[in-house]
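Below is one structure, written out as structure tokens; comments come after it.
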């Protein structure tokens, strides 16, 4: 059965697009049919992170406007044959997204894919609310710092009120993904601890992604970190998160300094 | 030369509620006015001195027609305090304000002038009102319950607010704002299991996070009013 997941956060720059690409690739790598949908109309980035930016012809807005068919706008990944991208339009803005248009596209995608992962724009306006509108579940991406956590709290409130599921009296399943976690800084008390974040947000944890240069390096070469360097610490954390999303029970690893140091050495040797 | 010294004079607003008659015209309005006249003929001064709200949900009137109706009522000595049942955007300047959220009061009979002294005191039904919130209150959410107490079983997030006519009880951590006794109820209190609040207020007296002693933070407290000051103490 198709599953619509929104990757959202409220705050910008916390790692929504990176996480969408990494999780999408991890799910596709394990055999599921996956489409990642860029809802950031006007500021699209998912195409770059997936290295598909030179192959964009049509986009989400052209499908909504009836200019292109869904199959014309979908871009197949070059590395994984069951991973697809639905790019956003870069020349339009969020007003081009219509409620009925999105409903139609999502319904059509549900027939073709196991996972529809919607990469939400930052903010709480039209783009973000339409990205979450049809979600069955949500991944809330949070950095362990106060502003990101408060914005996530706000987004959780919206997930409980503005989605189709919420309006039907049901609940959107919520998962917390903590990114850019830095064990040393957390130990020094310079950032919130995992426990602090969980206590404030009261949402089940999907994974903890350590801060790592591997993530940056992967983005720069246009490849999800889970494909670019599958053995790196962040990639392994994303693979675990993807399996938890599928419902598998996997023990949570809190990255600690010695392990991440080991990961870094390991990553350097492999590179 | 005037010096720009910002005096911390707190401006206080208070809400107050009143009982008003709601009159509901029916279409056609001309016939309805004739009926009204017949009634007024029987008991003059029926509406005199009473605040009246015009409920227009039963008719479909536009701006000029509403103004005309209000004028026709004024001629009959009926002063319209506010209008209900229309889109606020449709209200023109010069019309009485658009009201919302009114509640019916069972048993309220219009009392004629002159007989007022003999009329029995209106028993205003005091229902014990409280609101229970079982879920955490998230940042940006606002729970407003002017009718009585609010109890929150979970936490109140930073940037969320609880506004209650009565007391506020939070069994989780209060990180947002809590404003109790907003209708001028100085006896309202705030209780919370763990205080990390941004603001506590009772009957418009308030303390911000800066004014809450560090020793009280992260612990259970209650807040109440005493001689015009908001007091906070630990609860053990």
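Residue numbers (the working numbering), protein chains in the order written: chain A, 7 to 277; chain B, 479 to 714.
Where is the CB? At the ideal position from N, CA and C, for every residue including glycine.
Residue-level contact to chain A via CB, residue i, 8 Å cutoff
i, result
"residue 614(B)", "yes"
"residue 594(B)", "The predicted model places residue 594(B) with a pLDDT of 38, which falls under 50 and marks its position as unreliable; any figure quoted below should be read in that light. It does not: the Cβ of residue 594(B) has no partner Cβ on chain A nearer than 8 Å."
Neighbour list for residue i in chain B, Cβ cutoff strictly below 7 Å
i, result
"residue 162(A)", "616"
Beta-carbon gap between residue i and residue j smaller than 8 Å
i, j, result
"residue 685(B)", "residue 703(B)", "no"
"residue 211(A)", "residue 182(A)", "yes"
"residue 153(A)", "residue 17(A)", "yes"
"residue 142(A)", "residue 178(A)", "yes"
"residue 690(B)", "residue 666(B)", "no"
"residue 93(A)", "residue 73(A)", "no"
"residue 525(B)", "residue 561(B)", "no"
"residue 220(A)", "residue 240(A)", "yes"
"residue 629(B)", "residue 652(B)", "no"
"residue 65(A)", "residue 95(A)", "yes"
"residue 185(A)", "residue 155(A)", "no"
"residue 119(A)", "residue 250(A)", "no"
"residue 243(A)", "residue 214(A)", "yes"
"residue 207(A)", "residue 158(A)", "yes"
"residue 45(A)", "residue 127(A)", "yes"
"residue 626(B)", "residue 608(B)", "yes"
"residue 89(A)", "residue 30(A)", "yes"
"residue 530(B)", "residue 501(B)", "yes"
"residue 642(B)", "residue 619(B)", "no"
"residue 144(A)", "residue 11(A)", "yes"
"residue 681(B)", "residue 656(B)", "no"
"residue 32(A)", "residue 245(A)", "yes"
"residue 160(A)", "residue 616(B)", "yes"
"residue 209(A)", "residue 180(A)", "yes"
"residue 230(A)", "residue 55(A)", "yes"
Partners in chain A for residue i, counting only beta-carbon separations shorter than 8 Å
i, result
"residue 632(B)", "208"
Neighbour list for residue i in chain B, Cβ cutoff strictly below 8 Å
i, result
"residue 156(A)", "617, 635, 636 and 637"
Per-residue DSSP class, three states only, for residue i
i, result
"residue 559(B)", "strand"
"residue 623(B)", "strand"
"residue 550(B)", "helix"
"residue 132(A)", "helix"
"residue 19(A)", "coil"
"residue 712(B)", "strand"
"residue 519(B)", "helix"
"residue 669(B)", "strand"
"residue 256(A)", "coil"
"residue 215(A)", "strand"
"residue 505(B)", "coil"
"residue 140(A)", "coil"
"residue 41(A)", "strand"
"residue 656(B)", "strand"
"residue 9(A)", "strand"
"residue 178(A)", "coil"
"residue 600(B)", "The predicted model places residue 600(B) with a pLDDT of 47, which falls under 50 and marks its position as unreliable, so this point remains unresolved."
"residue 107(A)", "helix"
"residue 47(A)", "coil"
"residue 114(A)", "helix"
"residue 718(B)", "Any property of residue 718(B) remains undetermined from this structure, which presents chain B solely from 479 to 714."
"residue 191(A)", "helix"
"residue 90(A)", "strand"
"residue 155(A)", "helix"
"residue 148(A)", "strand"
"residue 696(B)", "coil"
Chain-ordered chain B contacts of residue i [CB-CB under 9 Å]
i, result
"residue 179(A)", "Chain B residues near residue 179(A): none, gap ~15 Å exceeds 9 Å."
Interface flag, residue i vs chain B, CB-CB below 8 Å
i, result
"residue 159(A)", "yes"
"residue 145(A)", "no"
"residue 277(A)", "Here the model assigns residue 277(A) a pLDDT of 36, short of 50, so the residue's position is not dependable, and the following value carries that caveat. Chain B, which has no Cβ nearer than 8 Å to the Cβ of residue 277(A), makes this no."
"residue 273(A)", "Confidence in residue 273(A) is poor, its pLDDT being 48 and thus under 50, which makes the residue's placement too unreliable to answer from."
Test: residue i CB closer than 8 Å to a CB of chain C
i, result
"residue 111(A)", "No chain C is part of this structure, whose protein chains are labelled A and B."
query = In the region 201-226 of chain A, which residues sit with their C-beta less than 8 Å from some C-beta in chain B, listed in chain order?
reply = 205, 206 and 208
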